[in-house]
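Numbering (my numbering), first residue to last: 152 to 283. One structure below.
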Amino acid sequence: MKAIKARINKSLNVGSRINCADNTGAKIIEIISVGGYHGVKNRQPLAGVASKIRVTVKEGNAKSRHQMFDAVIIRQKQEYRRKNGTRVSFEDNAAIITDETGSPKGTEIKGPVAKEAIERFSTIGKISTIIV
């Protein structure tokens, strides 16, 4: 896992429900915790693009529902700024389910993937079709 080269505005709280953009069988997932978050008392952990999170499946096939998985956020609606001055925002919030090391469990990703997620987790870039 590498550092990110952009200033990501973290906009997804614990408890947020987001789309699952891979073909693992999950459709809607809920964030339960944010990996690597060391916060202040009573502050809600936040996650943004390329954050490693722990999720539970709320909608999807019966085999994967109500189970916990690791995931990586690949898109967020909230606009963030890259070092070259461009501002990036996506149409929806989305994540993909991964294993403990950060390599994806699915074999394809639906929709675009942020460049920052691929910089941090290079194995995601192998199965993504559109990189923004």
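Think of the CB as a built atom: it goes at the ideal place given N, C-alpha and C, for glycine as much as any other residue. Computed from a prediction, not measured in an experiment: that's the story for all the values here.
Query: Among 227, 169, 232, 260, whose alpha-carbon lies nearest the alpha-carbon of residue 183?; Result: 169
Query: Let me check you understand the geometry: is the CB of residue 226 closer than 8 Å to at least one non-hydrogen atom of the ligand ZN?; Result: The ligand ZN is not part of the structure shown, which contains no ligands of any sort.
Query: Would you tell me roughly how many angstroms separate the C-alpha atoms of residue 240 and residue 229, rounded to the nearest one?; Result: 6 Å
Query: Mind the definition here: the segment 244-256 touches the segment 213-227 only if three or more C-beta pairs lie below 8 Å; say whether that holds.; Result: yes
Query: In whole angstroms, what is the alpha-carbon distance linking residue 259 and residue 194?; Result: 35 Å
Query: Looking only at DSSP bridge pairs, what is residue 154 linked to?; Result: DSSP, once it has assigned bridges, lists no residue as partnering residue 154.
Query: Between 226, 205, 280, which lies nearest to residue 159 when the distance is taken from Cα to Cα?; Result: 226
Query: Starting from residue 246, follow the alpha helix (DSSP H) in both directions and report where the run begins and ends.; Result: Residue 246 -> not in any alpha helix (DSSP H); beta strand (DSSP E) instead, spanning 245-249.
Query: For residue 287 and residue 216, what's the separation of their Cα atoms in angstroms?; Result: Past the boundaries of the shown model lies residue 287; the chain is included only from 152 to 283, so the question cannot be answered.
Query: So, with DSSP's three-state summary, where would you put residue 268?; Result: helix
Query: So residue 203 is in the beta strand (DSSP E); what residue range does that whole segment cover?; Result: 203-211
Query: Whose C-alpha, out of 156, 279, 243, 176, is nearest the C-alpha of residue 210?; Result: 176
Query: My assumption, with CB atoms under 8 Å, is that residue 255 sits in contact with residue 282. Please give the rounded CB distance.; Result: That belief does not hold up - the Cβ atoms of residue 255 and residue 282 are roughly 14 Å apart, past 8 Å.
Query: Give the secondary structure of residue 159 by DSSP, where H, G and I count as helix, E and B as strand, and everything else as coil.; Result: coil
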